[in-house]
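3 is the number of the first residue of the sequence shown in the numbering used here; add one for each residue after it. Backbone N, C-alpha and C define an ideal beta-carbon position, used for all residues, glycine too. Nothing here was measured: the structure is a model prediction, and the numbers come from that model. Right, one structure below, let's go through it.
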Amino acid sequence: IYYGLGVTEHSQGSTTVMAIANLAMATGNIGRPGVGVNPLRGQNNVQGSCDMGSFPHELPGYRHISGEAVRDIYESLWGVKLDDEPGLRIPNMLDAAVDGSFKGIYI
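What follows is the structure, encoded as structure tokens:
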């Protein structure tokens with residue numbers, strides 16, 4: 003099942019995506035080669051940036067930052083200590099910039 007931005011860009015977008023996932027599961031189209039749910043992004047760079055961990059709550063591979071075992075993997079690979087709390091989303095970044103607590107952004 004492939005779907006585009008029209009599915010997600012309205013008030014019931016999240017519910018619609020869940021319905022698509024449920025349809026795939028109910029029809030046995032999950033977990034086998036050649037089947038699945040495939041969202042088509044508006045821009046290819048969006049997909050790539052999400053894959054590499056640009057979300058404030060996920061690391062590369064869509065692994066959630068709150069998972070200790072997940073953080074351990076990346077801390078070992080990168081040689082740094084990672085915060086277990088998600089980073090700021092764009093609206094929060096703007097608010098933090100206004101109040102002086104936002105230090106910078108890499109675009």
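Start-to-end residues for the alpha helix (DSSP H) that takes in residue i
i          : result
residue 29 : Per DSSP, residue 29 belongs to no alpha helix (DSSP H) and is neither H nor E.
residue 93 : 92-101
Integer-rounded CB distance, given that residue j should sit under 8 Å from residue i
i          : j          : result
residue 58 : residue 90 : 6 Å
residue 17 : residue 9  : Actually they are not in contact, since the Cβ atoms of residue 17 and residue 9 sit about 10 Å apart, beyond 8 Å.
residue 39 : residue 21 : About 11 Å; that fails the 8 Å criterion.
residue 31 : residue 3  : 7 Å
9 Å Cβ cutoff met for residue i and residue j
i          : j           : result
residue 62 : residue 74  : no
residue 26 : residue 37  : yes
residue 88 : residue 103 : no
residue 43 : residue 7   : yes
residue 86 : residue 60  : no
Per-residue DSSP class, three states only, for residue i
i          : result
residue 42 : coil
residue 11 : coil
residue 73 : helix
residue 84 : coil
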